[in-house]
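S.K.:
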Amino acid sequence: MQSAAGHILLLSPSDLNDYVECPHLTTLALEVARGERARPHVPDEEADLLRRKGEMHERAHLERLRAEGRTVVEIGLGEPWDFEAAAHRTAEAMRAGAEVISQATFVDGRWRGRADFLLRIERATRLGPWGYEPLDAKLARAEKPTYVLQLCFYSDGVAAIQGLPPEHMHVLLGIGEQRALRYDDFAAYYRRVRAGFEAAIAGSAATEPYPVEHCALCEFRGVCAARWEAEDHLVQVANVRRDQVSRLRAAGLPTLAALARSGPNAPVSRMAAHTFETLRDQAALQLHRRTTGRLNWHALDADPGCGFELLPRPSAGDVVFDIEGDPFWEPARGLHFLFGLLLRDGADWQYRAMWARDRLEERRLFEVFVDLVHEQLARDADMHVYHYGAYEKTAITQLMGAYASREDAVDELLRRKVFVNLHTVVRQGLRAGVPSYSLKEVEALAEFVRRADLRSGTRAVLAYERWMQTHDDTLLASIAAYNDEDCRATLALRDWLIAHRPDGTPWAEAVGAEARDDAGAGEREALRRALAEGAEPGSPRWLAGEVLEYHRREARPAWWWFLERRDPMAVEEHVDDAEAIGDLAPLGRPVPDKRTFRHTLAFPPQPHKLVPGGQPID
Numbered sequence: 007m008q009s010a011a012g013h014i015l016l017l018s019p020s021d022l023n024d025y026v027e028c029p030h031l032t033t034l035a036l037e038v039a040r041g042e043r044a045r046p047h048v049p050d051e052e053a054d055l056l057r058r059k060g061e062m063h064e065r066a067h068l069e070r071l072r073a074e075g076r077t078v079v080e081i082g083l084g085e086p087w088d089f090e091a092a093a094h095r096t097a098e099a100m101r102a103g104a105e106v107i108s109q110a111t112f113v114d115g116r117w118r119g120r121a122d123f124l125l126r127i128e129r130a131t132r133l134g135p136w137g138y139e140p141l142d143a144k145l146a147r148a149e150k151p152t153y154v155l156q157l158c159f160y161s162d163g164v165a166a167i168q169g170l171p172p173e174h175m176h177v178l179l180g181i182g183e184q185r186a187l188r189y190d191d192f193a194a195y196y197r198r199v200r201a202g203f204e205a206a207i208a209g210s211a212a213t214e215p216y217p218v219e220h221c222a223l224c225e226f227r228g229v230c231a232a233r234w235e236a237e238d239h240l241v242q243v244a245n246v247r248r249d250q251v252s253r254l255r256a257a258g259l260p261t262l263a264a265l266a267r268s269g270p271n272a273p274v275s276r277m278a279a280h281t282f283e284t285l286r287d288q289a290a291l292q293l294h295r296r297t298t299g300r301l302n303w304h305a306l307d308a309d310p311g312c313g314f315e316l317l318p319r320p321s322a323g324d325v326v327f328d329i330e331g332d333p334f335w336e337p338a339r340g341l342h343f344l345f346g347l348l349l350r351d352g353a354d355w356q357y358r359a360m361w362a363r364d365r366l367e368e369r370r371l372f373e374v375f376v377d378l379v380h381e382q383l384a385r386d387a388d389m390h391v392y393h394y395g396a397y398e399k400t401a402i403t404q405l406m407g408a409y410a411s412r413e414d415a416v417d418e419l420l421r422r423k424v425f426v427n428l429h430t431v432v433r434q435g436l437r438a439g440v441p442s443y444s445l446k447e448v449e450a451l452a453e454f455v456r457r458a459d460l461r462s463g464t465r466a467v468l469a470y471e472r473w474m475q476t477h478d479d480t481l482l483a484s485i486a487a488y489n490d491e492d493c494r495a496t497l498a499l500r501d502w503l504i505a506h507r508p509d510g511t512p513w514a515e516a517v518g519a520e521a522r523d524d525a526g527a528g529e530r531e532a533l534r535r536a537l538a539e540g541a542e543p544g545s546p547r548w549l550a551g552e553v554l555e556y557h558r559r560e561a562r563p564a565w566w567w568f569l570e571r572r573d574p575m576a577v578e579e580h581v582d583d584a585e586a587i588g589d590l591a592p593l594g595r596p597v598p599d600k601r602t603f604r605h606t607l608a609f610p611p612q613p614h615k616l617v618p619g620g621q622p623i624d
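Oh and the sequence shown: position 498 is 504 in the numbering used here, straight run, nothing missing.
If you want it as structure tokens, here you go:
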């Protein structure tokens, strides 16, 4: 969005995307365009990296098209930029029947935009026996609503020239797949969003900022954070949702302080009593820290098997684990480039950094880690792997699937509950005066102090990207130092949690190894090795070997998902999980129904995917 000569506001599909991501971003951008606010000039390496990776993805596809022998017409903007002239050249290229048009430019009044590609198709249009469909290259691994909006704008531009809209729009995803979307399926949605956007900028409707996914890349994020602090906004309450903010405000509780000082039984429409008490208690703890400087906390009355009861007894073979990954390493899939471990050496803990610089090394890294844990388990059946957050365990299962390796070994680790997620222990077991329950905030309970230069996983990714360009090993050293501190913060938190277990809390019971009831497993593995080992990946022989375990491999994630939900979960977790319904309560007495009873249950408002006629599992 920018203001042109004559105070005309120039718009682009990106502005429409911003509006969908965050209406308040549109308000701020409008103020900048009108000269009412200065644009923040905050260096953002992550946004720059995403931009570069996106350009590389687009250029790679352009080179593939050329390698296929296709004729490509590139539309430049000139210097200075001239969208009108570029749009004229685009129309000329379409009328001339170019096979591929790169950076096709369209102007519609004050709107202007550039499609990555137009692809010629055989279809009768005003142009002749051919027409065009737009294609955009995106780094993401799945379609997003914002992609549809951009493609619909380009499709309207195509329709204005060829006389009818394209049947399909295309997205080239980072995973290398080209997805076709029917224009007619999305045109009405596009028109509605565009009309809403134009009404918003014409009427200057009041908006306010809320945390959204786009905040991580937004140039105005500092502006919004300052406003939240100045207004003592409810979004500062840890784990509060936007709909809950609206309900609290409607109940006359507009700020964190007001919520913290409210009575325990304040009526809030469409909010369960325990949910209100959770938010009120959280706000009170945060307000106490703000006014006194002291970080208070208290244990929660968790359900059996939850919270502190998830902690196993410490053992000599325990491992602390933290992964660093670069999600932008390749458009198709990121790279887990560092496995950091803390291993006990007598009374001390020694840090070990294990690196991967390509796919081959990533596989080796994964296999070495799984083998190491099994070696520890063979020496100490009571050992566990501690981590903070779901990333580490998820990464291990993803790597197992990606490389079809160590499947039974990983399955056994999961069945024996070797991985201990301390974030789950914290989330279910205590409440503290922290603005979020990330490791960087919660480690303050253990009085852990960081000293490494890098202070976030994002900075570690950027350092790794710079290392790939420079091969400056001091960058790897800085990443290792950061990862070492993450491991030691996790260890410090584990020890603190153990030291502060409520009296009488039982230890989590160890799960022993189970004998596998699969008589054919050894035979299948021997056959797989005979076929696949030494064969070229993707060859018929290799495929014949890998398909032997395909269905078992595909079934595993579904079983893990199911068993994870059968594990002890707090009421709030069931309420927040769209795959479940939580906080159920009997409504009246059971009614006899043939040889059984029919129970009617009530539950508070919550998002869920369960439908009438389904077969939910208790």
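Even for Gly, the Cβ is constructed at its ideal location relative to N, Cα and C.
Would Phe334 and Leu371 be called neighbours here (beta carbons separated by less than 9 Å)?
M.R.: no
S.K.: Specify the secondary structure class of Ala121 as computed by DSSP and reduced to three states.
M.R.: strand
S.K.: On a Cα-Cα basis, can you pick out the residue from Ala44, Leu616 and Gly182 that is closest to Gly588?
M.R.: Leu616
S.K.: Would you kindly report the start and end of the unbroken alpha helix (DSSP H) that includes Arg369?
M.R.: Here the alpha helix (DSSP H) through Arg369 covers Arg365 to Arg385.
S.K.: Ile167 to Tyr138, Cα distance in whole Å?
M.R.: 10 Å
S.K.: At the level of alpha carbons, what is the spacing between Asp122 and Leu36?
M.R.: One C-alpha to the other measures close to 26 Å.
S.K.: On a Cα-Cα basis, can you pick out the residue from Val597, Leu125, Ser442 and Lys144 that is closest to Leu56?
M.R.: Lys144
S.K.: Taking 8 Å as the cut-off, does the segment 352-372 touch the segment 482-499 (at least 3 CB pairs, one atom from each stretch)?
M.R.: yes
S.K.: With H, G and I counted as helix, E and B as strand and the rest as coil, what does DSSP make of Ala143?
M.R.: Correct three-state label for Ala143: strand.
S.K.: Restricting to Cα atoms, I'd like to know which of Tyr470, Asp114, Pro310 and Gln292 is closest to His304.
M.R.: Gln292
S.K.: Quick one: residues in its chain with C-beta nearer than 6 Å to the C-beta of Ala452, no 5 flanking neighbours on either side, listed in chain order?
M.R.: Ala498, Leu499 and Trp502
S.K.: Count the other C-beta atoms from every protein chain shown that fall within 10 angstroms of the C-beta of Asp332, then say buried if there are 16 or more, exposed otherwise.
M.R.: buried
S.K.: Terminal residues of the continuous beta strand (DSSP E) containing Thr602?
M.R.: Thr602 to Arg604
S.K.: Could you tell me if Trp117 is buried or exposed, where buried requires 16 or more neighbouring beta carbons within 10 angstroms of its beta carbon?
M.R.: buried
S.K.: When burial is assigned at 16 or more other CB atoms within 10 Å of the CB, is Phe112 buried or exposed?
M.R.: By the C-beta density criterion, Phe112 is buried, having at least 16 other C-beta atoms within 10 angstroms.
S.K.: Check whether the Cβ atoms of Gly180 and Arg132 lie closer than 9 Å to each other.
M.R.: no
S.K.: Answer with buried or exposed for Asn489, where buried requires no fewer than 16 other C-beta atoms within 10 angstroms of its C-beta.
M.R.: Asn489 is buried by the Cβ-count criterion.
S.K.: In this structure, how does DSSP classify Ala591 when only helix, strand and coil are distinguished?
M.R.: strand
S.K.: So what's Phe425 in DSSP terms, helix, strand or just coil?
M.R.: strand
S.K.: Would you report the Cα separation of Leu301 and Cys230, rounded to the nearest angstrom?
M.R.: 25 Å
S.K.: Thinking Ser268 and Arg248 are a contact (beta carbons under 8 Å), I'd like their distance in whole angstroms, please.
M.R.: That belief does not hold up - the Cβ atoms of Ser268 and Arg248 are roughly 19 Å apart, past 8 Å.
S.K.: Rounded to the nearest angstrom, what separates Leu178 and Asp328 at their Cα positions?
M.R.: The alpha-carbon of Leu178 is positioned some 33 Å away from that of Asp328.
S.K.: Applying the criterion that 16 or more other CB atoms from any shown protein chain within 10 Å of the CB defines a buried residue, is Asn23 buried or exposed?
M.R.: Buried, since its Cβ has 16 or more Cβ neighbours within 10 Å.
S.K.: Ignore the nearest five residues each way along the sequence and tell me which others in Leu460's own chain have a CB closer than 6 Å to its CB.
M.R.: Ala466, Ser484 and Tyr488
S.K.: Can you look up Arg200 in the DSSP assignment and give me helix, strand or coil?
M.R.: helix
S.K.: Between Leu428 and the rest of its own chain, which residues show a CB-CB distance below 8 Å, the 5 nearest in sequence each way excluded?
M.R.: Tyr392, His393, Tyr394, Thr496, Leu499, Arg500 and Leu503
S.K.: Per DSSP, which one or two residues make a beta bridge with Asp249?
M.R.: Paired residue(s): none; Asp249 is not in a bridge.
S.K.: Answer yes or no: do Thr606 and Gly594 have a C-beta to C-beta separation smaller than 9 Å?
M.R.: Taking 9 Å as the Cβ cut-off, Thr606 and Gly594 qualify as a contacting pair.
S.K.: Should Thr33 be labelled buried (16 or more other beta-carbon atoms within 10 Å of its own) or exposed?
M.R.: buried
S.K.: Quick one: measure Cβ to Cβ for Ala93 and Leu83, integer angstroms, because I've assumed they're closer than 8 Å.
M.R.: Ala93 to Leu83, Cβ: 10 Å. No contact.
S.K.: Roughly how many whole angstroms lie between the Cα atoms of Arg147 and Pro337?
M.R.: Spanning the two alpha carbons is a distance of roughly 8 Å.
S.K.: If you count every other CB in all the chains shown that lies within 10 Å of the CB of His390, and 16 or more means buried, which is it?
M.R.: buried
S.K.: When you compare the CB positions of Arg120 and Ile81, do they come within less than 9 Å of one another, or not?
M.R.: yes
S.K.: Between Glu27 and His220, how many whole angstroms is the CB-CB distance? I'm expecting something under 8 Å.
M.R.: 4 Å
S.K.: Should Asp191 go down as buried or exposed, given a rule of 16 or more other Cβ atoms within 10 Å for buried?
M.R.: exposed
S.K.: Quick one, which of Pro270, Val581 and Glu539 has its alpha-carbon nearest Ala290's?
M.R.: Pro270
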